[in-house]
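> Below: one structure in structure tokens.
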Amino acid sequence: MINIKSKSELEKMRIAGKITGGALELAGRSIRVGMTTKELDRIIHNYIVSHGAKPSFLGYGGFPGSACISINDEVIHGIPGKRKICEGDIVSVDVGAYINGYHGDSCKTFAVGQISDEAAKLMKVTEESLYKGIEKAVVGGRLGDISHAIEQHVVTNGMAVVKKYVGHGVGRELHESPEVPNFGREGHGPRLVAGMVIAIEPMVNAVGEGVKVLPDGWTVLTQSGSLSAHFEHTVAITPDGPVLLTKPD
Ligand code: MG
Ligand code: MG
């Protein structure tokens, strides 16, 4: 069942989203060569907690960090730890904040220093594909319109969307119905109505859609060893068009 949020629920989700977006913005400003992913996680954790919220991911299914930090060929669910961030890395930071009974969920891939042209193009195309999807998050459309727009942009640019992991509804639960795949057919899937809130989150591999999971049970890598990028916003569907709840401002 897809939960439709009332105006007052959307106001609460805006607060959770703002903290999520603020934490992510701080992560972008804080990221440095030589820093460990655990240090970056600590900064994000402290920001969320100091704003009266809880990190949504901490303890979720047993996840040991407050953020998922995934570097280069890591797609998602990287566990913060001793790994040091290096010049030329691309670092995907996925953050969730929970407050007043609601979650926000957002992710961004950051470039560290000078990155390769391939990495820059991957990041650009992935972020663009997120906005192509968001444009289709309108009342009267279908979920498949969002999925199709994302896939189309990625494939046109010679890259691959990850199919094993998908976006999702967000609200009282971090993961709610419906699933929001980054591939699909226009005009298909659930009808989009005002009050739906979904996390749109293209995960894009430079080469091939295949992924594998490390023995740690969490970290997802590209099968090919190629780079991967990930951008996500929590988006409310409203009569006035899509509203990005996880913008920091
Ligand atoms: Mg996320
Ligand atoms: Mg998500």
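In terms of the working numbering, the sequence shown is residues 791 to 1039.
Idealized CB from N, CA, C, for every residue including glycine.
#1: Output yes or no for whether 8 Å exceeds the beta carbon distance between Pro1038 and Lys808.
#2: Need the endpoints of the beta strand (DSSP E) that Val865 sits in, please.
#3: Compute the distance between the beta-carbons of Ser906 and Gly878, then report whether it is under 8 Å.
#4: Please indicate yes or no: does the CB of Trp989 lie closer than 7 Å to some heavy atom of ligand 2?
#5: With a 10 Å radius around its C-beta and 16 neighbouring C-beta atoms as the bar for buried, classify Leu1004 as buried or exposed.
#6: Quick test of your reading: Ile880 and Ala1019, contact by CB under 8 Å. State the CB separation rounded to the nearest angstrom.
#7: Check whether the segment 902–916 and the segment 838–846 touch, using three or more Cβ-Cβ pairs below 8 Å as the test.
#8: Are the beta-carbon atoms belonging to Glu963 and Ala989 less than 8 Å from one another?
#9: Do Thr1012 and Gly811 have their CB atoms nearer than 8 Å?
#10: Under a three-way DSSP split, which group does Thr1009 fall into?
#11: Given a cut-off of 8 Å on the beta-carbon distance, is the pair Asn793 and Gly961 in contact?
#12: Could you give the C-beta distance for Arg932 and Gly985, rounded to a whole number, given that I count them as a contact under 8 Å?
#13: Please determine, among Leu1017, Asp831, Leu982 and Gly852, the residue with the shortest C-alpha to C-alpha distance to Asp1006.
#14: Under the criterion of a Cβ to heavy atom distance below 7 Å, does Glu969 qualify as lining ligand 1?
#15: May I ask whether a heavy atom of ligand 2 can be found less than 7 Å away from the beta carbon of His958?
#16: Indicate, with yes or no, if ligand 1 has a heavy atom lying under 7 Å from the CB of Asp895.
#17: Distance check for Ser967 and Gln904, CA to CA, integer angstroms please.
#18: Considering only the beta carbon of each residue, do Val929 and Met993 sit closer than 8 Å?
#19: Whose C-beta lies closer than 8 Å to the C-beta of Arg975 among residues of the same chain, with five residues either side of it excluded?
#20: Using CA coordinates, which residue listed in Gly948, Cys876 and Val902 is at the minimum distance from Gly824?
#21: Just to confirm, is the Cβ distance from Glu991 to Cys897 under 8 Å?
#22: Determine, for Ala984, whether the minimum Cβ-Cβ distance to residues of chain B falls below 8 Å.
#23: For Arg819 and Gly1000, I'd like the C-alpha separation in whole angstroms.
#24: Val983 and Gly959: beta carbons closer than 8 Å?
By the coordinates alone:
#1: If you number the sequence shown from 1, residue 1038 lands on position 248. If you number the sequence shown from 1, residue 808 lands on position 18. Yes; because the gap between Cβ atoms is below 8 Å, this pair is in contact.
#2: The sequence position of residue 865 within the sequence shown is 75, counting from 1. Its beta strand (DSSP E) spans residues Glu864 to Ile866.
#3: For the purposes of this step, residue 906 is taken as the residue at position 116 of the sequence shown. For the purposes of this step, residue 878 is taken as the residue at position 88 of the sequence shown. Cβ distance < 8 Å, so Ser906 and Gly878 count as in contact.
#4: In the sequence shown, the residue the question calls residue 989 occupies position 199. Note that residue 989 corresponds to Ala in the displayed sequence, not to Trp. Checking the Cβ of Ala989 against ligand 2 gives yes.
#5: Position 214 of the sequence shown, counting from 1, holds the residue named residue 1004. Flag for Leu1004 reads exposed.
#6: Along the sequence shown, read from residue 1 onward, the residue named residue 880 stands at position 90. Along the sequence shown, read from residue 1 onward, the residue named residue 1019 stands at position 229. Between Ala1019 and Ile880 the Cβ distance is about 6 Å, and since that is below 8 Å, they are a contact.
#7: no
#8: Within the sequence shown, numbered from 1, the residue matching residue 963 stands at position 173. Within the sequence shown, numbered from 1, the residue matching residue 989 stands at position 199. No.
#9: As a working note, residue 1012 is residue 222 in the sequence shown. As a working note, residue 811 is residue 21 in the sequence shown. No; because the gap between Cβ atoms is not below 8 Å, this pair is not in contact.
#10: Position 219 of the sequence shown holds residue 1009. Reduced to three states, the DSSP call for Thr1009 is coil.
#11: Within the sequence shown, numbered from 1, the residue matching residue 793 stands at position 3. Within the sequence shown, numbered from 1, the residue matching residue 961 stands at position 171. Against a cut-off of 8 Å, the Cβ pair of Gly961 and Asn793 comes out as a contact.
#12: Numbered from its first residue, the sequence shown carries residue 932 at position 142. Numbered from its first residue, the sequence shown carries residue 985 at position 195. About 16 Å separates the two Cβ atoms, so there is no contact after all.
#13: As a working mapping, residue 1006 is identified with position 216 in the sequence shown. Selected option, being the one with the closest Cα: Gly852.
#14: As a first step, residue 969 is located in the sequence shown; it is residue number 179 there, counting from the start. Glu969 Cβ: outside cutoff for every heavy atom of ligand 1.
#15: Along the sequence shown, one-based indexing puts residue 958 at 168. Correct: His958 has its Cβ closer than 7 Å to ligand 2.
#16: Here residue 895 corresponds to residue number 105 of the sequence shown, with the count starting at 1. Checking every heavy atom of ligand 1 against the Cβ of Asp895, one is found closer than 7 Å.
#17: Translated into the one-based positions of the sequence shown, residue 904 becomes position 114. Translated into the one-based positions of the sequence shown, residue 967 becomes position 177. C-alpha separation (whole angstroms): 39 Å.
#18: For the purposes of this step, residue 929 is taken as residue 139 along the sequence shown, with counting starting at 1. For the purposes of this step, residue 993 is taken as residue 203 along the sequence shown, with counting starting at 1. No. Outside cutoff.
#19: Residue mapping note: residue 975 aligns to position 185 of the sequence shown, counting from 1. Excluding sequence neighbours, Arg975 sits near Gly934, Ser937 and His938.
#20: Indexing the sequence shown from 1 puts residue 824 at position 34. It is Cys876.
#21: Your numbering for residue 991 matches position 201 in the sequence shown. Your numbering for residue 897 matches position 107 in the sequence shown. Against a cut-off of 8 Å, the Cβ pair of Cys897 and Glu991 comes out as a contact.
#22: Reference to chain B is not applicable here, since this structure consists of a single protein chain.
#23: Position 29 of the sequence shown, counting from 1, holds the residue named residue 819. Position 210 of the sequence shown, counting from 1, holds the residue named residue 1000. Approximately 31 Å, taken between the alpha carbons.
#24: Counting from one through the sequence shown, the residue named residue 983 turns up at place 193. Counting from one through the sequence shown, the residue named residue 959 turns up at place 169. Not in contact: Val983 and Gly959 (Cβ atoms no closer than 8 Å).
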